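Student: Here you go, one structure.
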Amino acid sequence: MPDLNFNYLQDRVKDVDPDIRFMALEDLRKYLNDETVTSSKSSISYHLDKLIPTLLTMLDDPNPDVQNQVIKSFEPMVRYLSNDSILLLVKELFALVQASNDPNNTSNGSSSSKTRNFRSFTISIPNMALRSLFAQSNSRDKSDFVSDKLSKSNYKFDRDLAKKIFSYILPKVFQNEIAFDNIELLIDLISEIGYALSPKQNLELAQYFIQVSFTEQGIIGKKAIVGAEHVIALIDQEHQISTLVDSVSQQFQASSLPNKSYIMYQLLSVVIRRRIKPSQVADIFDAVTKELYLDLHIGKTRETHKDDDDEEDEEDEEELDLDILEKQNALKEEAFTTLIDLVDAAFLPIDNKNTVLDVIQTFLQYDPLNQSDDEGFDIGSEEQDEEDGDDIDFSEDELEAVGEEENDGSWKLRLQASILSRVLIKSYPDTLDTVLDKILPILPIKDSNDQVVLEAVRSCIAIIHATSPRDAQPVQSLFEPIIERLNSCKEELIPVFLKLVESLNRFDNTVLIEASFKALEKRNINSLSSLEYLQFFTSVLKFHDDLSNLVINKIGDDIAINLEDKSFNMIIESLKCLKILLNHKESSKIANVEKLVSSLVTKVENRKQYPSELIRLAIEALGATLTNTTTTTTIENSTQEAIFDVLKSSISYEVTSKATLDVLNNIYTTKTLPDEYSEAIVDGLEQYILSANEATSTSALILLNKLALQTVSDKRKKETIISSLLKLLPLTNASNHKLIFEILTNWSQDLNESEQTLLADVIINLVNSDKILLHDELFFNMIRAYSQNFDNKVFYDKLASLLNPNLPVSAKISAIGADNLGKETHINAAIEQLHLLLKSNINDSQIAVAILFLAFANDDLLDVNELIELLRKENFTNEDNVKAVSTAIGLKVQRNPHAFITPILEAYKAETRSLTRSSLVEALRLVVDSCDQRQKTEIWDAIFSLQNNDFDPALIPELRKTGDVLGEIALSLEEHQIQQVVENQVDRRKIYLVLVFTKYLISNLELSNTGSRLLTYLVNASVEWLDIVDLDLRKIALGNLLTGIHIKPLILAPLLNLIILPKLAQQLSAEKDFKKIITMGPYKYTLDQGAELRKLCYEFIYSVMAADDTSLVQHDVDIQLLGKNIIEKGLLDDQPDIVVLACSNLGNFFDLHEMEAMELIRTGGTELIEQLVGALNKQLSKKLSAKASAQDTEIHQERIKSIVKLSKKIDLVLESTEIDNDENRQIQDIWNKFITDIKQQYTVYYSSTVV
């Protein structure tokens, strides 16, 4: 869009022609909303500042369309205006709003000000414009003022600007007369920029809304309650919530409004829903229960009828005044809502639960207009009852009204009591037994009011879901009334009661199911009227195996009708149900199965007329008729043939191919189909082998694998498929590799020479890329098949020449090939080569090739003891050769652990070289799974009996391998065997081994009582060993904690406060023992090796900070301890990397645990805030060396950025803190001085940092 000429625009908006004014404003709106505008923001802001006075006067435009367009013009301006301009605009618009609400205003305000009454309940034009400014952030998509709701130009008000807006508007609103405009404006401001309100302002606003609620009737009072709800949601301090309850009580006492009790209960509910417990819970509960029980017959009025002739015959007759009764019940309804909120928030003490139960029992049956004499709700004393009399007389008009409908509002109380019953068991589960005994039988599921019935049923369902199947007796009492209601209730209520029947599926509700279907049949109810019937049918089929003919055929008949419906959605849901029906145990009872199948076949044949999902479900349903033998026996052969034909045609269509392939896979699992049909299926699936959709490709491979042997005889077809398989093999995943290997194995005799060469290339690529595992038997079966079937040596020779000879997989391939191509010759050649190489150069890389070949060829000439001796030679150092010997030993021992375990362990204990022990452990790792428990224990004891008091970092590779072997063994050991090597352990080598297998167990041990106890014991030991001054031991111990907090948080969480966090806090300080002096020429450089440990500590702290709040609350984790130690230690660290991590973690502390952070600041007082500020200033004061490298510069800048970001986060939290005493004021002053310095000295960093 071209730039806008603002000078010309100024003339157009003042034109006498309203159409020109309208179009000028429309051009302005479009321009401001255009994302491609090239003019600078400052230039546009300058022109808008000049235009705004004109727009303000145009709010008084006589043309309503122009007025509306003016309002739309303000919203898109916001992102271009400066904060000062926005604030000025807000002030000007607010002044116009106030003027429009002033009945004495006769100045040239908006036209609305001349016509609006001061007590008007409409929104003024200036207020519409003003509110449009704030429709930018939280609720943009809901706003009536935003013309382009999808615009990416969302503007978030700067906090400082938002605070200034509140500081200007709030005092004026509080001082001025109450106006509807102001209430609406405040609600918008709270919703959009409420984040800038201080706790004190939140409280003042809430109290203002409460006052207005009690002083204004009608829409203003109702809107004030809405405003109170908005602002109370921002309050997070218990004492403020309690203050608001006091305010409600005080305003209630002072109010003269006739409906003030209603308002009081509504406001109390708003406060309670904030879920912060006020101190006056007991008072609220007493007030609510008193209101509920207060004179339940308050509607009674007394009239005295005197006989003029005989005053002795004077008698009183009671009469219910329905108007009074209705008002009283309406007030009780509000009180009930408050009680429900109290119970839902779980604020009530245990002592009050019985009272709540009494309330529920009382009001579930509360129906004064239809109450018989002996069922009255007589709450008073017997004497009072006698005084009042027993008879209640109704006037004819009242009786007539009662006959037409309930007009006393008592149904609302029965409804509320029903709701309260389920809320009670949710918040207080221990009341379930009482609810089952006393409440469940009287829930008003027979009520004359449908809404009451609906809530009663919902409560029944909630109670049933909370009940164990063992406690079935109370639940079964519902059966009879449910059956009665199914036969007599309105048709629209039937799905409601079916939901109730469905909830009873966990119990023995077979009788109820049968009765439900009889009721549906008797009342001629068809599921076509509602999807809820289908949901009920589905539930019945899933939960019940033994169903009668009536049930099965009712479902089948309904589905048959539904399948012919015009609604695709109804057909789709019916097909889902039909699929379950056809797979059901009782599917043989379906009388109309032929009709159903015919309908399905027709739909699949006419697939273009229906959505793809519908056709997919139809195909799956057809598949179910063939795979479920119970169903198949009831289907005619001709019908089965029709199904097979439609499946054969469906495989050719891409949209239905995946579903068809899956169905055919299921069919071929249970059936053998004619070769001719299978050939046709292979023709169809061929195109999907290389499908871009991996799931479709996999389904095609699975089906092809089933058909490969019995079906495909055509040579050309095989060649085409083999070509596709070879193309797919290097590209697909490991699961599909197995399928392809199996297919190619079955067709091993059918590959021509070029395909053999291509297969060899693919195998070489997979093996050399480490994509083939040594235990992948399907792969090696394929290799065996091809080695046996090829007459020439091309395939074998190519593999032998191009495979990486040092890989065990390559050696295994060579050994397999040798079995079929002169095995004895190859073995003799390998043995001869090995002997020559061992004599000439034991580090020749060909030794590995020969040894691995002989090991996989299962040659007895390889002697374990000779291999061990070879490993023990000091000059035997070639890495590939060492690995080959280890593998060979492992393979030999695998075949006979009993014979060879002992020699290996003897060599292990006698060996002094770590490299040799490591190789022997590598061999043992291959053996562990083949060992019995005695042999595993022997390995365990041998490793821990090794005497080696020296712990050197050079041992770590060996110890890591050894620890993993121990971990595998530990999974099968008794707890006491593990504790023996842990208890009082001081040998650092053994400690390191324990730490390694602890990590293995953390990752692999399934949690159980024993497993949890063992892991807790090992974690405790790991933490205690953090006291050992050793870099490597601490590193692995901290690593274990880090692994545990992610994988086994339930183990670590209870230990955090007890031992982990205090010990971790000690690790945050740099230690002299880990500092190493390095001389570099004339300079000495201190290397802090402990920094790596502190980084691990901060990673752990980060994980704890980010953990689910519920787990922290459950174990009362001391997050404040972490925050305090970061301030005291982390922010003073000499290493810039650690400072960055400390800032990040402290930022998370203030961000994710704001309440704990503020509690720490309050308890730490000025001393802690001075310590925090001092540490940050110390880091900021560190200067960059003149000779600093690019890396040093980057680290320095990163440290400053992290400090600035942390400072902004802390500032946001401190800004929202209420200053309620002198110490808090001092804290605020100290911080404000620091943050002001940050803004001035690091302006660029501060403005560019987003928090």
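Every letter in the sequence shown is one number past the one before it in full-length UniProt numbering, and letter 1071, counting from 1, is 1071.
Glycine residues also receive a C-beta, built at the ideal position from the N, C-alpha and C atoms.
Quick caveat: nothing in here was measured; it's all calculated off a predicted structure.
Under the DSSP definition of a beta bridge, which residues are partnered with residue 1269?
Tutor: Residue 1269 lies beyond the range of the chain shown here (1 to 1251); nothing can be said about it.
Student: Indicate the three-state DSSP secondary structure (helix, strand or coil) for residue 1017 in the structure shown.
Tutor: If DSSP states are grouped into helix, strand and coil, residue 1017 belongs with the helices.
Student: For residue 78, which of 895, 411 and 33 has the nearest alpha-carbon?
Tutor: When each option's Cα is compared against that of residue 78, the closest is 33.
Student: For residue 293, name the three-state secondary structure that DSSP assigns.
Tutor: Helix, per DSSP.
Student: Measuring alpha carbon to alpha carbon, tell me which of 84, 161, 170 and 181 ends up nearest residue 131.
Tutor: Out of 84, 161, 170 and 181, 181 has the C-alpha closest to the C-alpha of residue 131.
Student: Quick one: using the 10 Å Cβ neighbour count with 16 as the cut-off for buried, is residue 354 buried or exposed?
Tutor: Exposed, by the Cβ-count rule.
Student: Report the residue from 257, 1013, 986 and 1051 whose alpha carbon sits nearest the alpha carbon of residue 1030.
Tutor: When only C-alpha atoms are compared, the closest one is 986.
Student: So residue 1296 and residue 496 are supposed to be a Cβ contact under 8 Å. How far apart are they, rounded?
Tutor: As displayed, the chain neither begins before 1 nor continues past 1251, which places residue 1296 out of reach and without an answer.
Student: Spell out the partners DSSP gives residue 1080 in its beta bridges.
Tutor: Paired residues: 1083.
Student: DSSP beta-bridge partners for residue 1088?
Tutor: Answer is 1075.
Student: What's the call for residue 538, buried or exposed, on a 16-neighbour Cβ count within 10 Å?
Tutor: So residue 538 counts as buried.
Student: How do the stretch 1036 to 1055 and the stretch 994 to 1002 stand: do at least 3 beta-carbon pairs fall below 8 Å, yes or no?
Tutor: Yes, the stretch 1036 to 1055 is in contact with the stretch 994 to 1002.
Student: Within 10 Å of its beta-carbon, does residue 341 have 16 or more other beta-carbons around it, so buried, or fewer, so exposed?
Tutor: Buried, because 16 or more other Cβ atoms sit within 10 Å of the Cβ of residue 341.
Student: Have a look at residue 292 and residue 1250 and give me their C-alpha separation to the nearest angstrom.
Tutor: Approximately 53 Å, taken between the alpha carbons.
Student: Can you tell which of 870, 814 and 876 has the C-alpha that lies nearest to the C-alpha of residue 850?
Tutor: Cα-wise, what sits closest to residue 850 is 814.
Student: Given a cut-off of 9 Å, decide if residue 288 and residue 278 are closer than it, judged by their beta-carbon atoms.
Tutor: Going by C-beta atoms, residue 278 is not nearer than 9 Å to residue 288.
Student: Looking only at C-alpha atoms, which of 127, 65 and 69 sits nearest to residue 94?
Tutor: Out of 127, 65 and 69, 127 has the C-alpha closest to the C-alpha of residue 94.
Student: Restricting to Cα atoms, I'd like to know which of 1035, 599 and 3 is closest to residue 36.
Tutor: Nearest C-alpha to residue 36: 3.
Student: Could you spell out where the alpha helix (DSSP H) holding residue 8 opens and where it closes?
Tutor: Run containing residue 8: 6 to 13, per the alpha helix (DSSP H) assignment.
Student: Quick test of your reading: residue 745 and residue 785, contact by CB under 8 Å. State the CB separation rounded to the nearest angstrom.
Tutor: That belief holds up - the Cβ atoms of residue 745 and residue 785 are roughly 5 Å apart, short of 8 Å.
Student: Indicate the three-state DSSP secondary structure (helix, strand or coil) for residue 449 in the structure shown.
Tutor: In this structure, residue 449 counts as coil in the three-state DSSP scheme.
Student: Is the CB-CB distance between residue 461 and residue 530 below 9 Å?
Tutor: No, they are not a contact pair.
Student: In whole angstroms, what is the alpha-carbon distance linking residue 621 and residue 572?
Tutor: In a straight line, the C-alpha of residue 621 is about 11 Å away from that of residue 572.
Student: Quick check: the Cα distance between residue 459 and residue 296, rounded to an integer number of angstroms?
Tutor: Going from the Cα of residue 459 to the Cα of residue 296 covers about 25 Å.
Student: List the endpoints of the continuous alpha helix (DSSP H) containing residue 489.
Tutor: Per DSSP, residue 489 belongs to no alpha helix (DSSP H) and is neither H nor E.
Student: Quick one: what does DSSP say residue 898 is sitting in, helix, strand or coil?
Tutor: Helix at residue 898.
Student: Within 10 angstroms of its Cβ, does residue 76 collect 16 or more other Cβ (buried), or is it exposed?
Tutor: Buried, since its Cβ has 16 or more Cβ neighbours within 10 Å.
Student: Taking the beta carbon of residue 633 as the centre, do at least 16 other beta carbons fall within 10 Å, making it buried, or is it exposed?
Tutor: Residue 633 comes out exposed.
Student: In the DSSP assignment, find the unbroken alpha helix (DSSP H) run with residue 534 in it and report its ends.
Tutor: 531 to 543 is the extent of the alpha helix (DSSP H) around residue 534.
Student: Could you give the DSSP three-state label for residue 233: helix, strand or coil?
Tutor: Residue 233: coil per DSSP, three-state reduction.
Student: In the DSSP assignment, find the alpha helix (DSSP H) that holds residue 599 and state where it starts and stops.
Tutor: Element bounds for residue 599: 593 to 605.
Student: Under DSSP, the alpha helix (DSSP H) around residue 31 begins and ends at which residues?
Tutor: Its alpha helix (DSSP H) spans residues 18 to 33.
Student: If distances are taken between C-alpha atoms only, which option among 1213, 652 and 1151 comes closest to residue 1162?
Tutor: Comparing Cα positions, the closest option is 1213.
Student: Expressed to the nearest angstrom, what Euclidean distance is found between the alpha-carbon atoms of residue 1087 and residue 897?
Tutor: Rounded to the nearest angstrom, the two C-alpha atoms are 49 Å apart.
Student: Ignore the nearest five residues each way along the sequence and tell me which others in residue 472's own chain have a CB closer than 8 Å to its CB.
Tutor: Result list for residue 472: 507 and 508, in chain order.
Student: Let's test the definition: count the other Cβ atoms within 10 Å of the Cβ of residue 16 and tell me whether it reaches 16, buried, or not, exposed.
Tutor: Classification of residue 16: exposed, given that the 10 Å Cβ count is below 16.
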